[in-house]
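Chains as they are written, first to last, in this note's numbering: chain A, 1 to 103; chain B, 1 to 167. We put the beta carbon where it would ideally sit given N, CA and C, even for glycine. Here the structure is a predicted model, which means the values were calculated and not measured.
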């Protein structure tokens, strides 16, 4: 299993950089991953990340649609916060597995 | 070009010429899938595909129950072709399909288009087919960015790493 260092802490990741142990995640680590992805985390980002972590912990399969219905962001804002591939980027920064959804 | 170099997909341009539920959804899933991956995506509807962007038709698309050898009864038994001609069967089968999709968090057509355009994807209508079916811009969904000739559409499909997909 691969390991990666973020702000002085070593975490377990898979070869795509997604956490394999979600409990190793902290806000500081999230900030460090976000910078690698070219994103400066705002409070809004952190709200989205908390929602993602809570949903995934509850066993939900994340989709772009479910993010739009989160009550935190609409779909357009979600794309604005995590430009490019928002679901992939946001889950990576949130320290949860890469979503397998097509939607 | 260097044969060993990888050229990632940068843009997909899709053309949907059919108006049945499954054909339209295939195009929508592929377009939205590209947008989700950060790939530029443009979707062009022509001929019967225009139903997918016509306001009063887009949310009641049907799946054909005739001439579809892959059609099955719930539970997997063969679907007798003769049944497909009975009134209401096509509507019933289509409602079941939509219901099943909703369970998988696949949105209705207009909401799906909203996801696509919110992420920067673009949806276009074919001018020639619009003229043929006597449709005007007012008949179309608000998610349609414009009415184009195929030449206009090709102009938007340039660039290295672009693929055109006809569904």
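Just to confirm, is the Cβ distance from residue 15/B to residue 166/B under 8 Å?
yes
Beta-carbon neighbours of residue 75/A, restricted to chain B and to distances below 8 Å:
Per Cβ cutoff of 8 Å: 114, 115, 118, 119.
Along the region 51 to 69 of chain A, what residues have a CB closer than 8 Å to any CB found in chain B?
61, 63, 64, 65, 66, 68
Could you please tell me which residues of the region 89 to 116 of chain B, in chain order, have their CB closer than 9 Å to any CB of chain A?
Taking 9 Å as the Cβ-Cβ cut-off against chain A, the residues of the region 89 to 116 of chain B that qualify are 104, 105, 106, 107, 111, 112, 114, 115.
Taking Cβ positions, are residue 61/B and residue 19/B nearer each other than 8 Å?
yes
Going by C-alpha distance, which of 10/A, 60/A, 91/A is nearest residue 104/B?
Looking at the Cα atoms, 60/A is the closest of the given residues.
Residue 41/A (DSSP reduced to helix, strand or coil)
Here DSSP, grouped into helix, strand and coil, assigns residue 41/A to coil.
At a CB-CB cut-off below 9 Å, which residues of chain A make contact with residue 147/B?
Proximity of chain A to residue 147/B at the Cβ level (cut-off 9 Å) is not reached, the minimal Cβ distance being about 24 Å.
Uninterrupted beta strand (DSSP E) stretches inside the region 10 to 90 of chain B (no shorter than 3 residues)
11 to 16, 40 to 45
Would you say residue 110/B touches the ligand GDP, meaning its beta carbon is less than 7 Å from a heavy atom?
Ligands are entirely absent from the displayed structure, and the ligand GDP is therefore not among its contents.
Cβ pair residue 91/B, residue 47/B closer than 8 Å:
no
Test item: CB-CB of residue 87/A and residue 99/A under 8 Å
yes
Can you tell me whether residue 63/B is buried or exposed? The criterion is at least 16 other CB atoms within 10 Å of its CB, across all chains shown.
buried
Give the interface partners of residue 22/B over in chain A, defined as CB-CB distance under 8 Å, in chain order.
Those do not exist, as residue 22/B stays about 15 Å from chain A at its closest Cβ, beyond 8 Å.
Inter-stretch contact at 8 Å, needing at least 3 Cβ pairs: the region 48 to 58 of chain B / the region 129 to 147 of chain B
yes
What are the start and end residues of the alpha helix (DSSP H) that includes residue 165/B?
Run containing residue 165/B: none in the alpha helix (DSSP H); it sits in the beta strand (DSSP E), 162 to 166.
Cutting at 7 Å between CB atoms, please list the residues of its own chain near residue 79/A, excluding the five before and the five after it.
86
Of all Cβ atoms in chain B, is any one closer than 8 Å to the Cβ of residue 39/A?
no
Three Cβ pairs or more, each shorter than 8 Å: is that satisfied between the region 145 to 154 of chain B and the region 116 to 126 of chain B?
A contact is defined here as three or more CB-CB pairs under 8 Å, and the region 145 to 154 of chain B meets this definition with respect to the region 116 to 126 of chain B.
Closest by C-alpha distance to residue 45/B, when choosing among 107/B, 122/B, 158/B, 159/B
Check the Cα spacing between residue 45/B and each of 107/B, 122/B, 158/B, 159/B: the tightest is with 122/B.
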